[in-house]
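**Student:**
Chains as they are written, first to last, in my numbering: chain A, 2 to 156; chain B, 97 to 395.
(1) Going along the chain, which residues of the stretch 43 to 65 of chain A sit with their C-beta nearer than 8 Å to a C-beta in chain B?
(2) For residue 173(B) and residue 222(B), what's the separation of their Cα atoms in angstroms?
(3) Measuring only the C-alpha atoms, how far is residue 166(B) from residue 266(B)?
(4) Which ranges does the alpha helix (DSSP H) cover as unbroken runs of at least 4 residues, wholly within the stretch 62 to 116 of chain A, from first to last along the chain?
(5) Nearest to residue 156(B) by CA position, among 365(B), 112(B), 247(B), is which residue?
(6) Answer with yes or no whether the minimum CB distance from residue 24(A) to chain B is below 8 Å.
(7) Measure the C-alpha to C-alpha separation of residue 370(B) and residue 91(A) and round it to an integer number of angstroms.
(8) Per the DSSP calculation, residue 277(B) is bridged to which residue(s)?
(9) Over what stretch of residues does the alpha helix (DSSP H) that includes residue 80(B) continue unbroken?
(10) Please check if any C-beta of chain B sits within less than 8 Å of the C-beta of residue 16(A).
(11) Within 7 Å: the Cβ of residue 292(B) and any heavy atom of the ligand SAM?
(12) Closest to residue 27(A) by C-alpha separation, out of 43(A), 142(A), 99(A), 103(A), would be which residue?
(13) Check whether the stretch 71 to 86 of chain A and the stretch 98 to 118 of chain A touch, using three or more Cβ-Cβ pairs below 8 Å as the test.
(14) Any idea what DSSP makes of residue 16(A), helix, strand or coil?
(15) Whose C-beta lies closer than 6 Å to the C-beta of residue 120(B) among residues of the same chain, with five residues either side of it excluded?
(16) Does DSSP classify residue 266(B) as helix, strand or coil?
(17) Out of 236(B), 229(B), 162(B), 202(B), point me to the one whose CA is closest to residue 49(A)'s CA.
(18) Exposed or buried, what is residue 243(B) when buried is set at 16 or more other beta-carbons lying within 10 Å of its beta-carbon?
(19) Under 8 Å: do the stretch 204 to 211 of chain B and the stretch 132 to 139 of chain B share three or more Cβ pairs, one atom per stretch?
(20) Anything in the stretch 193 to 206 of chain B with a Cβ closer than 8 Å to a Cβ of chain A? List those residues in chain order, please.
(21) How about residue 59(A) and residue 51(A): do their beta carbons lie closer than 8 Å?
(22) Of the residues 331(B), 127(B), 344(B), which one's Cα is nearest the Cα of residue 263(B)?
(23) Would DSSP call residue 325(B) helix, strand or coil?
(24) What does residue 58(A) pair with, by DSSP beta-bridge criteria?
(25) Should residue 16(A) go down as buried or exposed, given a rule of 16 or more other Cβ atoms within 10 Å for buried?
(26) Our contact map puts residue 229(B) next to residue 272(B) with C-beta atoms below 8 Å; I'd like the distance itself, whole angstroms only.
(27) Skipping 5 residues on each side, what residues in its chain have a beta carbon closer than 6 Å to that of residue 94(A)?
(28) What residues from chain B crowd round residue 27(A), counting only those whose CB sits closer than 7 Å?
(29) At 9 Å on the CB atoms, spell out the chain B contacts of residue 127(A), in chain order.
(30) So who's on the other strand from residue 105(B), going by DSSP bridges?
(31) Please work out which residues of its chain come closer than 6 Å, Cβ to Cβ, to residue 162(A), disregarding the five sequence neighbours upstream and downstream, and give them in chain order.
(32) Across the stretch 299 to 317 of chain B and the stretch 211 to 219 of chain B, are there enough close Cβ pairs to call them in contact, namely three or more that are closer than 8 Å?
(33) Express the C-alpha separation of residue 192(B) and residue 340(B) in angstroms, rounding to a whole number.
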């Protein structure tokens, strides 16, 4: 537990002691109570553990916690601009068991920040690192599309 | 066997020179960490038991420089950043095709070309364009620096010419000749997050005097990513009419076997990998003749 790190989590400064091979996923869940970050596969294949690291979606199960010193980390709980997206997921039936949902919200929020009006091919590419075993993905695409459309109409 | 966690150092050198000093002191027991997308799993599974893990962040190895003659990629450049540079992707479409199929967006946001190469999986997708385009890798140490051709860089599965006191710092790719035609595909159970069961990259470059140079590289079919030199030599000697024929495609497919040595593993049987690769060679040649040789040749 020798390594001291300081980083920002959802806007708040955090200081932790971590082990050399401690995953960011575990530091977040076990030391900082950020259990909204889920472990699906533990090997970077499912995207359930996705968080934003310096604004970009990453698999927190693959990130060395020791290496996030000085970085900005956002989990689904800290994404203030995802409220409408989250509501769309619920309304459109994009949530069944809900376990993959935090990861999808993180990835889709980053997508819409970078590209406010993505077409479906772009959406599919952006969420290709997130797996869902329940929904068959169609409702997820629709939730993202409808969020983008509603934002466009509002603007 | 995992070492006791408290024994393993975490190093954060402030400069490349400091990093090289650590490597000189500790050799290959000092594990350089860039994106870490494969290292995390291997360290936790005990396949790697370093004395120290050394973060390469902030050493100035993240740059991407495009000139009229070449592209130089810092070894710690994130794959996503290379893909996000429109001038680079326009000048190097084969690089764009291969890097764009690595992992997923989350993986590409962390992973680096330097790491993909140094990790030296026989399935490494970034190796394909680098082999095809004859890239050169720069290895630095306190003793100096040396440049190694990509085609010589891998010595076996997970093994490279990187010495214990060296770091891979940059990769340089010459510009493809104007009018070069490229093709890439990789194969596996799904479209994203796939470690290739078989992969193929091809470039056909116009040469002075109307000749053509063929470069083909394949992954997951040998202890390291390989150039298909028997196929290249065969194709390079042919004229347009011969190149467009089904007979040529079949001969090229047969010659693939000379350059590969696949094994049965969790990604497929040796037979399957060879079969898929041969089919890929056929498809690539068919597309080449349709694009560049004036349409489908019916024989």
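By construction, the Cβ of each residue, glycine as well, lies at the ideal position given by its N, Cα and C atoms.
**Tutor:** This is what the structure gives:
(1) Residues of the stretch 43 to 65 of chain A with a C-beta less than 8 Å from any C-beta of chain B: 44, 45, 46, 48, 51, 54, 57, 58, 59, 60, 62, 63, 64, 65, listed in chain order.
(2) Approximately 13 Å between the Cα atoms of the pair.
(3) Distance between the alpha carbons of residue 166(B) and residue 266(B) is about 12 Å.
(4) Correct list: 84 to 93, 102 to 115.
(5) Minimum Cα distance to residue 156(B) is reached at 112(B).
(6) Chain B contact via Cβ: present.
(7) One C-alpha to the other measures close to 46 Å.
(8) Note: residue 277(B) sits in a beta bridge opposite 300(B).
(9) Given a span of 97 to 395 for chain B in the structure shown, any question on residue 80(B) remains unanswerable.
(10) By this cut-off, residue 16(A) is not an interface position.
(11) The model depicted lacks the ligand SAM and carries no ligand whatsoever.
(12) It is 43(A).
(13) The stretch 71 to 86 of chain A makes contact with the stretch 98 to 118 of chain A: 3 or more CB pairs, one atom from each, lie closer than 8 Å.
(14) Assigned with DSSP and collapsed to three states, residue 16(A) falls in strand.
(15) Here the set comprises 238, 261.
(16) Three-state DSSP puts residue 266(B) in a strand.
(17) That would be 202(B), whose Cα lies nearest to the Cα of residue 49(A).
(18) Answer is exposed; the Cβ neighbour count stays below 16.
(19) Yes, since at least three Cβ pairs between the stretch 204 to 211 of chain B and the stretch 132 to 139 of chain B fall closer than 8 Å, the two stretches touch.
(20) Taking 8 Å as the upper bound on Cβ-Cβ separation, chain A lies near residues 199, 200, 201, 202, 203, 205, 206 of the stretch 193 to 206 of chain B.
(21) Yes, they are a contact pair.
(22) Nearest option by C-alpha distance: 127(B).
(23) Here residue 325(B) sits in helix by DSSP.
(24) 53(A), per the DSSP bridge assignment.
(25) Exposed.
(26) Cβ atoms of residue 229(B) and residue 272(B) come within 8 Å of each other, at about 6 Å.
(27) 140, listed in sequence order.
(28) Those within 7 Å of residue 27(A) in chain B number zero; the least Cβ separation is about 11 Å.
(29) Correct list: 201.
(30) Paired residue(s): 148(B).
(31) Chain A is shown from 2 up to 156; residue 162(A) falls before or after that span and cannot be answered.
(32) Contact holds between the stretch 299 to 317 of chain B and the stretch 211 to 219 of chain B, because three or more Cβ pairs, one in each stretch, are under 8 Å apart.
(33) Looking at the two C-alpha atoms, the distance is approximately 27 Å.
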